[in-house]
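Colleague: Sharing a structure, written as structure tokens. Questions coming.
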Amino acid sequence: MAEYNPGIEIRYDATGRAVEGPGITVPGPGSSGAYGRNYTPIPREVVDYKSGGSAGDIVINTAERRLYLILGGGKALRYGIGVGRPGFTWGGNQTVTRKAEWPGWTPPPQMRQRVPNLPAYMAGGPDNPLGARALYLGSTFYRIHGSNEPWTIGQAVSSGCFRMTNDDVTDLYERVRVGARVSVIH
């Protein structure tokens, strides 16, 4: 993967899990993990991909509820995602403008109007709905992020962001560079 993302070092432990930091690992699929929230309803896999794009690009297919990281050579790494519920879907092209580990979350004003009991701000951590990692898309409020509700992967449940399991978003985070192109199709 290094050839697709210069300057990004991907580290794994002996079981193949992405290493989060010195002596700390992100729990792998099927484990209860440190936070007990790492259920993986749709395992990631390398698949044939002939729909175009360049190595390192991301294609999100909301109808399939899948995210593809293009590897090149006609291959992509496919992940299951949660997508926007009816009325909250969108399409188009963006770039990854920022990446964050255990991001804090400030619900947008429109969301706080719909759900008044939301906090004004939530620090990063296992109870935060953005999960372990976030990739920010352009200057929008939209992100590709982890989730504290991994059982929602594969469903239309969000306010427009793309949810992944914490294990999957950590894997994607390590593979994707700031500036990567993201295409959202239906």
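63 is the number that the UniProt record's numbering gives to position 63 of the sequence shown; each next residue is one higher, with no gaps.
For glycine and all other residues, C-beta sits at the position ideal for the given N, C-alpha and C.
1. Hey, how far is the Cα of GLY74 from the Cα of TYR68?
2. Where GLU149 and THR106 are concerned, what is the direct C-alpha to C-alpha distance, given to the nearest angstrom?
3. Within a Cβ cutoff of 8 Å, which residues of the same chain sit near residue 190, ignoring the five residues on either side of it in sequence?
4. Less than 9 Å between the beta carbons of THR140 and GLN94, yes or no?
5. Is the beta carbon of GLY138 closer than 9 Å to that of THR89?
6. Between the Cα of PRO41 and those of HIS186, GLY131, SER183 and GLN155, spot the shortest distance and give me the residue it belongs to.
7. Let me know if VAL182 comes out buried or exposed under the rule of 16 or more other beta-carbons within 10 Å of its beta-carbon.
Modeller: Taking the geometry as given:
1. If you number the sequence shown from 1, residue 74 lands on position 74. If you number the sequence shown from 1, residue 68 lands on position 68. Each residue's Cα considered, the two are about 12 Å apart.
2. Start at 1 with the first residue of the sequence shown, and residue 149 comes out as number 149. Start at 1 with the first residue of the sequence shown, and residue 106 comes out as number 106. Approximately 18 Å, taken between the alpha carbons.
3. Residue 190 is absent from the structure shown; the chain starts at 1 and stops at 186.
4. Counting from 1 along the sequence shown, the entry for residue 140 is found at position 140. Counting from 1 along the sequence shown, the entry for residue 94 is found at position 94. Yes; because the gap between Cβ atoms is below 9 Å, this pair is in contact.
5. Start at 1 with the first residue of the sequence shown, and residue 89 comes out as number 89. Start at 1 with the first residue of the sequence shown, and residue 138 comes out as number 138. No.
6. Numbered from 1 along the sequence shown, position 41 holds the residue referred to as residue 41. Nearest in C-alpha terms to PRO41, of all of HIS186, GLY131, SER183 and GLN155, is GLN155.
7. Residue mapping note: residue 182 aligns to position 182 of the sequence shown, counting from 1. It is buried - the Cβ of VAL182 has at least 16 other Cβ atoms within 10 Å.
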